[in-house]
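Engineer:
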Amino acid sequence: MPESNIKLANEFADEYDNSIAKNNWTSPQILFKMIEERLQPKSTILDVGIGTGESSAPFYRAGHSITGVDGSKKMLTKCKSKNIAERLTQINLETESLPFSDKFFDLVISNGVFHLISPLNDIFSEISRVLKYRGYFAFTFENANDTSGYDKIAPETWENKTPTGVFTFKYNTGYISELLQNNGFTEIKQSTFLAFQNKELRKDFYFTAILSQLE
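The opening position of the sequence shown corresponds to residue 1 in my numbering, with each subsequent residue numbered one higher.
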């Protein structure tokens with residue numbers, strides 16, 4: 001994750017939960033509903049980019065075991081205060097390997113994170129490594145249906161630097177599907193949804209959610 005993104009995450013940590021509530025951040029519940037019926041009781045779950053833990057909270061309430069990684073120390077501090085995760089680790093998701101053994105987790109989730117990371121090849125490979133056979137990978141990303149204001153930086157990848165200095169990325173769904181296939185995943189479900197409404201910008205943001213399984 002670019003250092004500017006981590007810096008802003010640290011600065012924004014105290015306000016993050018209020019912000020997503022104000023902007024109707026629906027993604028945590030959508031991701032949970034995609035996978036909940038397939039999980040065994042007390043599944044082991046890794047949240048990649050756990051932030052303050054809002055995406056893991058529904059899984060914790062359902063009785064599952066949560067582990068989280070994130071690039072922001074202050075986001076992790078907020079998450080720790082909620083007591084939903086058994087283990088939290090600070091790593092740079094773009095440049096560092098996941099600090100876990102092979103075939104360790106039943107499910108990996110990542111929500112509202114991949115639009116802040118590029119490229120995605122290494123993190124998808126790491127997620128495949130730490131998942132058990134037939135384990136699930138459920139995640140969201142910002143698709144490239146509308147790339148106005150973005151610059152194409154690689155095949156099927158677009159980048160934008162926001163006024164706050166944050167870099168955001170959009171990906172074609174075909175690129176994401178290819179990444180999944182190359183790392184041993186079979187796609188089960190896909191849906192595009194209104195993720196949140198930025199009332200200050202008067203703009204709607206649409207994300208795509210995908211559920212896949214490691215073969």
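Even for Gly, the Cβ is constructed at its ideal location relative to N, Cα and C.
Restricting to runs no shorter than 3 residues, where is the beta strand (DSSP E) found entirely within the region 2-63?
Structural biologist: Correct list: 44-48.
Engineer: Considering only DSSP beta bridges, list what G68 is partnered with.
Structural biologist: Bridge partners of G68: D47, L88.
Engineer: Determine the extent of the beta strand (DSSP E) in which R134 is found, giving its start and end residues.
Structural biologist: Unbroken beta strand (DSSP E) run through R134: 131-141.
Engineer: Is L107 helix, strand or coil by DSSP?
Structural biologist: Note: L107 maps to strand in three-state DSSP.
Engineer: What separation, rounded to the nearest whole angstrom, lies between the Cα atoms of S56 and A62?
Structural biologist: Answer to the nearest angstrom: the Cα atoms are 10 Å apart.
Engineer: Answer yes or no: do M75 and G112 have a C-beta to C-beta separation smaller than 8 Å?
Structural biologist: Cβ distance not < 8 Å, so M75 and G112 don't count as in contact.
Engineer: Grab me the residues of F59's own chain with a C-beta within less than 7 Å of its C-beta, minus the 5 sequence neighbours each way, in chain order.
Structural biologist: Hits under 7 Å: F32, I45, I66.
Engineer: Alpha carbons only, please: which of T140, G149, K170, Y175 is nearest the one belonging to K190?
Structural biologist: The identity of residue 190 in the sequence shown is Gln, whereas the question assumes Lys. Q190 has its Cα closest to that of T140, out of T140, G149, K170, Y175.
Engineer: Would you mind listing the alpha helix (DSSP H) stretches within the region 137-205 that are 4+ residues and don't spill past its ends, in chain order?
Structural biologist: Correct list: 173-182.
Engineer: Kindly identify the DSSP beta-bridge partner or partners of I117.
Structural biologist: Paired residue(s): none; I117 is not in a bridge.
Engineer: Answer yes or no: do L194 and Y206 have a C-beta to C-beta separation smaller than 8 Å?
Structural biologist: Yes, these two residues count as a Cβ contact at 8 Å.
Engineer: Return the residue from the list N121, F105, K7, T26 that minimises the CA-CA distance to L131.
Structural biologist: When each option's Cα is compared against that of L131, the closest is F105.
Engineer: Determine whether the beta carbon atoms of S148 and E187 lie at a separation below 8 Å.
Structural biologist: No, they are not a contact pair.
Engineer: Mind the definition here: the region 68-85 touches the region 24-38 only if three or more C-beta pairs lie below 8 Å; say whether that holds.
Structural biologist: Too few Cβ pairs lie closer than 8 Å, so no.
Engineer: Could you tell me whether the Cβ atoms of G135 and L98 are closer together than 8 Å?
Structural biologist: Contact flag unset, no.
Engineer: Just to confirm, is the Cβ distance from F124 to N183 under 8 Å?
Structural biologist: In this structure, N183 lies closer than 8 Å to F124 by Cβ.
Engineer: Residues bridged to F207 by DSSP?
Structural biologist: Answer by DSSP bridge pairing, in chain order: F193.
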